[in-house]
Each structure stands twice: as C-alpha cells, then as structure tokens.
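Colleague: For the sequence shown, our numbering assigns the number 5 to the initial residue and increments by one for each residue that follows.
By construction, the Cβ of each residue, glycine as well, lies at the ideal position given by its N, Cα and C atoms.
Sharing a structure here in structure tokens format.
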Amino acid sequence: MRTVWYAYHKMATTSAGSNGLQWYGWDVFLNIHFKTLKGIEKFQHFRFTAEEPGVVFAEHSLDSPEVWINLFKERVTWMQFSMDFQRLSLQLDFQQTENAISSMRLDIT
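Okay, here's the thing in structure tokens:
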C-alpha cells in the first residue's frame, strides 16, 4: 500500500509546467508492477490480448516465430495490479473533483 501511495504522490505532484495541463508520470506507477522489456529494439511486431494480461507476444520479423514474454514482475499478480490501479483511479478522480471545486470557489472579502 505504501508503494502505491508513493506512486500516486509522485504522479500527482509532477507537473509539465504552468500551461494549465496536469501531467502524470505513469512510469512511476507502472514500474512497480512491470519489468522492462529488454531488447525491445530487436522486435518489430507486438501483440497484446485481454485474455492474458501482462503478457506481450513479440516477433523479430514478420516470418519469425512469436515469443511469449511475461511483463509482470514475479511478485505481482493481475489481481494485485488491477486493485492498485482501481485505487489509484479513485484517488485521481477525487483529486480532479477537488481541483474543479476549488477552481469554482469565489473569494469574497
């Protein structure tokens, strides 16, 4: 839980400047659950399916055999990732709602 909070805090406090857009560093959150795909530049074709979350099917070329790669870190399950993601989504929704409400407040002096 602490790791998820840290990822949320890091994402929410990252800003892309003062242009009014809010930017989130999703890499902070995703690095908790997923491994880096080493040698990604060697592959030309990628495929993902909803039936096998966290898995990428990759090919070096159109005629090469497909390689099955699990991107989840060993200690992470799909259930854990989806629960953390839902928790993070609720926190982001709350923050956006709070920001919208605070921007509508009028300063009456």
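#1: Round the Cβ separation of His64 and Lys39 to the nearest angstrom and send it over; I've been treating them as touching at under 8 Å.
#2: By Cβ distance below 7 Å, which residues in the same chain neighbour Asp31 in space, the five residues on each side in sequence not counted?
#3: Near Trp72, which residues of its chain fall below 7 Å by C-beta distance, leaving aside the five closest residues on each side in sequence?
#4: With which residues is Trp72 paired in a DSSP beta bridge?
#5: What are the boundary residues of the alpha helix (DSSP H) that Phe33 is part of?
#6: Please check the pair Leu66 and Leu41, which I expect to be a contact at CB under 8 Å, by giving their CB distance rounded to whole angstroms.
#7: What's the call for Phe50, buried or exposed, on a 16-neighbour Cβ count within 10 Å?
Modeller: The relevant details are as follows:
#1: Position 60 of the sequence shown, counted from the start, is the residue given in the question as residue 64. Position 35 of the sequence shown, counted from the start, is the residue given in the question as residue 39. Rounded, the Cβ-Cβ distance is 19 Å, inconsistent with contact.
#2: Counting from 1 along the sequence shown, the entry for residue 31 is found at position 27. The answer is none, since no qualifying residue turns up.
#3: One-based indexing of the sequence shown puts residue 72 at position 68. Cβ neighbours of Trp72 beyond the five flanking positions: Val59, Phe61.
#4: The sequence position of residue 72 within the sequence shown is 68, counting from 1. Answer by DSSP bridge pairing, in chain order: Phe61.
#5: The sequence position of residue 33 within the sequence shown is 29, counting from 1. Run containing Phe33: 30-37, per the alpha helix (DSSP H) assignment.
#6: For the purposes of this step, residue 66 is taken as the residue at position 62 of the sequence shown. For the purposes of this step, residue 41 is taken as the residue at position 37 of the sequence shown. Actually they are not in contact, since the Cβ atoms of Leu66 and Leu41 sit about 19 Å apart, beyond 8 Å.
#7: Translated into positions along the sequence shown, residue 50 becomes position 46. Phe50 should be labelled exposed.
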